[in-house]
Amino acid sequence: MKAKVGVLISGRGSNMAALLYAAKHPSCPYEIVLVAANDPEAAGLTLAQAEGVPTFAQSHKGLKRAEFDRIIDAQLRRAGAEYVVLAGYMRLLSAEFVAGWENRMLNIHPSLLPKYKGLDTHQKALDAGDSHAGCSVHVVTSELDDGPVLAQTEVAILPGDSADTLAARILIAEHQLYSRTLADFVTRDR
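Reminder that position 155 of the sequence shown reads as 154 in numbering that gives the first Met the number 0, one-by-one numbering, no gaps.
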């Protein structure tokens, strides 16, 4: 029996797409049961729908954080999700939401945590003169980008790199790392 995963996105959903296509392989231990977005115009919703994955979208504007998170939580549970994956979801989650999915929610972050939490990670790595940047998959906790790191991939910083060129290479690493790490995560107790 495959683990049921809900994916939260805010934009184009490239990491969601990588997870979705990995899930099509017969040996993949998970399936995507819902893609939900806090932006009804998120491009990733169109792809999920085209691939036959149920979607849900509602703007968070005008709603309190906890109120919006309760709506998302209800949709995830209605879809039968056992795990939640954040894939470019650009909202902080309420403590109640995080507690409700404790040890069952992952995030991918474009830095080698614990370095460079939050935004602008690529520029921070460049400004620091680092030789490598990368990405991390971690368990979501109530502290931003602070949960236990499950896996990382280092990516070399090249001479002349900009934040955009570095981000493009790290995104390739993210797409490979996230699906493998999620597969390991959902099978750890089975």
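Virtual Cβ for every residue (Gly too), placed ideally from N, Cα, C.
Note that the coordinates shown come from a computational prediction; the quantities given were computed from them, not determined experimentally.
So does the region 100-113 actually touch the region 57-64, counting three or more Cβ pairs closer than 8 Å?
-> no
Starting from residue 66, trace the alpha helix (DSSP H) both ways and give me its first and last residue.
-> As a first step, residue 66 must be located in the sequence shown, where it is residue number 67. From DSSP, the alpha helix (DSSP H) with residue 66 extends over 64-77.
Nearest-angstrom Cβ-Cβ length linking residue 28 and residue 1, presumed shorter than 8 Å = On the sequence shown, position 29 is the one that residue 28 refers to. On the sequence shown, position 2 is the one that residue 1 refers to. For residue 28 against residue 1, the beta-carbon gap comes to about 6 Å, under 8 Å, which counts as contact.
Residue of 159, 108 and 182 minimising C-alpha distance to residue 169 | Counted from its first residue, the sequence shown places residue 169 at position 170. Closest option to residue 169, Cα to Cα, is 108.
With 16 as the cutoff for other CB atoms within 10 Å, does residue 19 come out buried or exposed?
-> Taking the sequence shown and counting its residues from 1, one reaches residue 19 at position 20. So residue 19 ends up on the buried side.
Could you tell me which residues DSSP pairs with residue 153 in its beta bridges?
-> Taking the first residue of the sequence shown as 1, we reach residue 153 at position 154. In DSSP, residue 153 forms a bridge with 133.
Pick helix, strand or coil for residue 14, following the three-state DSSP scheme.
-> Residue mapping note: residue 14 aligns to position 15 of the sequence shown, counting from 1. Helix.
Just curious, the alpha helix (DSSP H) that residue 99 is in, first and last residue?
-> Numbered from 1 along the sequence shown, position 100 holds the residue referred to as residue 99. Residues 94-99.
Hey, could you find the ends of the beta strand (DSSP E) residue 173 is sitting in?
-> As a first step, residue 173 must be located in the sequence shown, where it is residue number 174. Here residue 173 belongs to no beta strand (DSSP E); instead the alpha helix (DSSP H) covers 162-186.
Might you give, ordered along the chain, the residues of its own chain that have their beta carbon closer than 8 Å to the beta carbon of residue 116, omitting 5 neighbours on each side?
-> Position 117 of the sequence shown, counted from the first residue, corresponds to residue 116. If you ignore the 5 residues before and after residue 116, its C-beta comes within less than 8 Å of the C-beta of 108, 110, 143, 144 and 145, all in its own chain and listed in chain order.
Residues near residue 31 by beta carbon distance below 7 Å, same chain, minus five either side = Stepping through the sequence shown from its first residue, residue 31 is reached at position 32. These residues qualify, in order along the chain: 4, 6, 18, 19, 22 and 52.
For residue 86, three-class secondary structure by DSSP = Position 87 of the sequence shown, counted from the start, is the residue given in the question as residue 86. The answer is coil: DSSP assigns residue 86 none of H, G, I, E or B.
Pick from 106, 73, 86 and 114 that is closest to residue 95, judged by C-alpha positions = Taking the sequence shown and counting its residues from 1, the one referred to as residue 95 is at position 96. Considering only 106, 73, 86 and 114, the residue with the shortest C-alpha distance to residue 95 is 73.
How about residue 80 and residue 54: do their beta carbons lie closer than 8 Å?
-> As a position in the sequence shown, residue 80 is number 81, starting the count at 1. As a position in the sequence shown, residue 54 is number 55, starting the count at 1. No, Cβ-Cβ distance for residue 80 and residue 54 is not below 8 Å.
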